[in-house]
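Chemist:
Protein chains: 2
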Amino acid sequence: METTQGKVLIADDEPDILEILKYNLSNEGYEVVTARDGDEAFEKAKRTKPDLIVLDIMMPKKTGVEVCQLLRSQSAFKETMIIFLTAVNDESTQIKGLETGADDYVSKPISPKVFMSRVNALFRRINKAEAKVLKIENLTIDPERFLVTLDNKEIILAKKEFELLYLLALKPGRVFLRNEILNQVWGNDVIVGDRTIDVHIRKIRQKLGVDCITTVKGVGYKFEL
Amino acid sequence: METTQGKVLIADDEPDILEILKYNLSNEGYEVVTARDGDEAFEKAKRTKPDLIVLDIMMPKKTGVEVCQLLRSQSAFKETMIIFLTAVNDESTQIKGLETGADDYVSKPISPKVFMSRVNALFRRINKAEAKVLKIENLTIDPERFLVTLDNKEIILAKKEFELLYLLALKPGRVFLRNEILNQVWGNDVIVGDRTIDVHIRKIRQKLGVDCITTVKGVGYKFEL
DNA sequence: TTGCCTGTTTACTTAGAGTTAATAAAAACT
DNA sequence: AGTTTTTATTAACTCTAAGTAAACAGGCAA
């Protein structure tokens, strides 16, 4: 069962930062692996094959830039996304970082919100989740026409309902945490009450008539026909 | 069925610019391909056959100008539109760029609005060529004669009304965001009030008498008979 | 000039999407 | 069992987006 948004390796020698980033990433459904120095980062990268590697530039044993260069020299990591954490707002360092093939850099002090939005942006890019018509058995979800069809019968959903259903149906079987749903459908900055998602889920269930959204108590929701 | 506004290849070595441009382009319905250096740009251009190529002049491996010359030497890219991104406001570079056959150049720092207006301007130019008569059931829309017929009865629409109806009817069922409508019918640089589109929609509905335009609240409008 | 048409804005109304709050039900935990 | 936590289900409320009518400015023709 694929339950994760993606695998992320964080390498930083400061335990506090490691903790904060790990907390935020897990919270949005990412699987997290951590390392405390350059060597460990490189070793764990090879072993766990993460989708994204977050590298602190200043680390013991090997700097982030060195790790990045090592990784990029191996074909297995040509496609892996890399984000640098730069302590100093040192432009030349940043440019050097990006030249070694990093996808983005975040300068400390880190704002978890900013960091997460960068991460999500990168993952959105590789997931190429462009508006595609979804077809699951007798159910079709067409974002272009903003139309849901069940057994060739049209069902009209409101905007939020549609977006929510589309998100879940994008990866049938995968559990979406409530936080993820909030971020994807509402946006990271919007604050809505705890019960709002439930209400929308209910409306979708009601309109579709079929039980295709399963509740995973204490975790979130998943689409299943 | 063609669902995209057009395909755009962006080549720039700065991830930030890539992201911003990609975001804005996707937002307005363009399909986006990206490249980070000259070689990748040329390779992806050949592979994906974009309608428009945005080339940064200063890029690793091959400069934008070199890529442009290479492309223009191939018959397949005689018609492809090319926009240069110039870091410096260097006149001689710009002139050289345009001499190699580029359609436009934008100098950094880039204003997304300006950039998009240039892109849309170029696309509008090539799209205007295909003014086809639309026939949907008992309704015909003839852009040449500027005439709408319903059950063989002529209906006189004003210019904006006609353009709006034509846009929607071009892809029946497809939802057009208000932004898209504004860009296509009015142009991106024009600023009109929030209710302007509604008023025109209303007039069309009134004149046609048939309910062929559906509103998707919070999203946009779509044509449907 | 007048008058008509188009395109736009303004102001008001309306519908209904989205949210909340309150209560009930269902798991999970002791 | 009882207690706590989490979700379901409503109904009520809020507030935004779209509908509508009227008015206004500019253009063009008679």
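Protein chains in written order, with the numbering used here: chain D, 1 to 225; chain S, 226 to 450.
Just so it is clear, CB atoms sit at the ideal spot from N, CA and C, and this is done for glycine as well.
What you are looking at is a predicted structure, and each value in this text was computed from that prediction instead of being measured.
Closer than 8 angstroms is the cut-off here; do at least three beta carbon pairs connect the region 435-448 of chain S with the region 393-413 of chain S?
Modeler: The region 435-448 of chain S vs the region 393-413 of chain S: in contact.
Chemist: Note down, in chain order, all residues in the region 419-448 of chain S with a beta-carbon under 9 angstroms from any beta-carbon belonging to chain D.
Modeler: Listed by position, the residues of the region 419-448 of chain S near chain D (Cβ gap below 9 angstroms) are 441, 442, 443, 444, 445, 447.
Chemist: What residue does the alpha helix (DSSP H) around residue 170 (chain D) start on, and which one ends it?
Modeler: Looking at the DSSP string, the run of the alpha helix (DSSP H) that includes residue 170 (chain D) is 159-170.
Chemist: Residue 47 (chain D) CB to nearest chain S CB: under 8 angstroms?
Modeler: Not closer than 8 angstroms to any Cβ of chain S, the Cβ of residue 47 (chain D) fails to qualify, so no.
Chemist: If you draw a straight line from the alpha carbon of residue 135 (chain D) to that of residue 163 (chain D), how long is it in whole angstroms?
Modeler: In a straight line, the C-alpha of residue 135 (chain D) is about 15 angstroms away from that of residue 163 (chain D).
Chemist: For a contact meaning CB atoms closer than 8 angstroms, what does residue 145 (chain D) contact in chain S?
Modeler: Per Cβ cutoff of 8 angstroms: 398, 399, 400, 447.
Chemist: Whole-angstrom Cβ separation of residue 363 (chain S) and residue 375 (chain S), contact assumed at under 8 angstroms?
Modeler: Going by Cβ atoms, the distance from residue 363 (chain S) to residue 375 (chain S) rounds to 6 angstroms, so yes, they are a contact pair.
Chemist: Quick check on this structure: which residue in D:148, D:43, D:154 has the alpha carbon closest to the alpha carbon of residue 35 (chain D)?
Modeler: The option with the nearest alpha carbon to residue 35 (chain D) is D:43.
Chemist: Which bits of chain S does residue 159 (chain D) rub up against, with CB to CB less than 8 angstroms?
Modeler: By Cβ distance, chain S contributes 441, 442, 443, 444.
Chemist: Just to confirm, are residue 7 (chain D) and residue 38 (chain D) a CB contact at a threshold of 8 angstroms?
Modeler: No, the Cβ-Cβ distance between residue 7 (chain D) and residue 38 (chain D) is not below 8 angstroms.
Chemist: Which residues in the same chain have their Cβ closer than 7 angstroms to the Cβ of residue 185 (chain D), if we skip the five residues on either side of it in sequence?
Modeler: Within the same chain, residue 185 (chain D) has close Cβ partners 160, 163, 164, 167.
Chemist: Classify residue 50 (chain D): buried if its beta carbon has 16 or more other beta carbons within 10 angstroms, exposed otherwise.
Modeler: With 16 or more Cβ atoms within 10 Å of its Cβ, residue 50 (chain D) is classed as buried.
Chemist: How far does the alpha helix (DSSP H) with residue 428 (chain S) in it extend, from its first residue to its last?
Modeler: It spans 421-433 - the alpha helix (DSSP H) in which residue 428 (chain S) sits, taken as one unbroken run.
Chemist: Within 10 angstroms of the Cβ of residue 189 (chain D), are there 16 or more other Cβ atoms? Answer buried if so, exposed if not.
Modeler: When all chains shown are included, residue 189 (chain D) counts as exposed.
Chemist: Roughly how many angstroms separate the alpha carbons of residue 140 (chain D) and residue 252 (chain S), rounded to a whole number?
Modeler: Cα-Cα distance, rounded: 23 angstroms.
Chemist: Quick check on DSSP: helix, strand or coil for residue 141 (chain D)?
Modeler: Looking at residue 141 (chain D) - three-state DSSP - the assignment turns out to be strand.
Chemist: Under 8 angstroms between the Cβ atoms of residue 282 (chain S) and residue 246 (chain S)?
Modeler: Cβ atoms of residue 282 (chain S) and residue 246 (chain S): not closer than 8 angstroms.
Chemist: Please report the distance separating the alpha-carbon of residue 380 (chain S) from that of residue 250 (chain S).
Modeler: So the alpha carbons of these two residues sit roughly 36 angstroms apart.
Chemist: I'd like to know whether the C-beta of residue 128 (chain D) is nearer than 8 angstroms to at least one C-beta of chain S.
Modeler: Model confidence at residue 128 (chain D) stands at a pLDDT of 46, short of 50, so the residue's coordinates are unreliable; what they give is reported in the following sentence. With 8 angstroms as the cut-off, residue 128 (chain D) does not count as an interface residue toward chain S.
Chemist: Going by the beta-carbon positions, is the gap between residue 12 (chain D) and residue 59 (chain D) smaller than 8 angstroms?
Modeler: Their beta carbons are under 8 angstroms apart, which means residue 12 (chain D) touches residue 59 (chain D) by this criterion.
Chemist: How about residue 205 (chain D) and residue 198 (chain D): do their beta carbons lie closer than 8 angstroms?
Modeler: Not closer than 8 angstroms, so no.
Chemist: Please specify which runs of the alpha helix (DSSP H), each continuous and at least 4 residues long, are wholly inside the region 26-91 of chain D, giving them in chain order.
Modeler: For the region 26-91 of chain D, whole alpha helix (DSSP H) runs of length 4 or above, ordered along the chain, are 38-48, 64-72.
Chemist: On a Cα-Cα basis, can you pick out the residue from S:295, S:296, S:336 that is closest to residue 312 (chain S)?
Modeler: When each option's Cα is compared against that of residue 312 (chain S), the closest is S:336.
Chemist: Using a 10 Å radius around the Cβ and a threshold of 16 neighbouring Cβ atoms, would you call residue 370 (chain S) buried or exposed?
Modeler: Residue 370 (chain S) should be labelled exposed.
Chemist: Along the chain, where does the beta strand (DSSP E) containing residue 180 (chain D) start, and where does it finish?
Modeler: From DSSP, residue 180 (chain D) is part of no beta strand (DSSP E) but of the alpha helix (DSSP H) over 178-181.
Chemist: Could you check which residue in S:290, S:419, S:433 has the C-alpha nearest to that of residue 443 (chain S)?
Modeler: It is S:419 whose Cα lies nearest to the Cα of residue 443 (chain S).
Chemist: Does the distance from the C-beta atom of residue 55 (chain D) to that of residue 41 (chain D) stay below 8 angstroms?
Modeler: Yes, the pair counts as a contact, with Cβ atoms nearer than the cut-off.
Chemist: Just to confirm, is the Cβ distance from residue 67 (chain D) to residue 48 (chain D) under 8 angstroms?
Modeler: Result no, Cβ atoms of residue 67 (chain D) and residue 48 (chain D) do not sit closer than 8 angstroms.
Chemist: Short of 6 angstroms in beta carbon distance, which residues of its chain neighbour residue 289 (chain S), apart from the five on each side in sequence? Order them along the chain.
Modeler: Result list for residue 289 (chain S): 280, 281, 282, 309, in chain order.
Chemist: Would you mind stating whether residue 344 (chain S) and residue 277 (chain S) have Cβ atoms separated by less than 8 angstroms?
Modeler: Yes; because the gap between Cβ atoms is below 8 angstroms, this pair is in contact.
Chemist: Sorted by chain position, which residues of the same chain lie with C-beta nearer than 7 angstroms to residue 215 (chain D)'s C-beta, five sequence neighbours on each side aside?
Modeler: For residue 215 (chain D), where only same-chain residues beyond five positions count, the Cβ hits under 7 angstroms are 221.
Chemist: Any heavy atom of the ligand ZN inside 7 angstroms of the beta-carbon of residue 150 (chain D)?
Modeler: This structure simply doesn't include the ligand ZN, nor any ligand for that matter.
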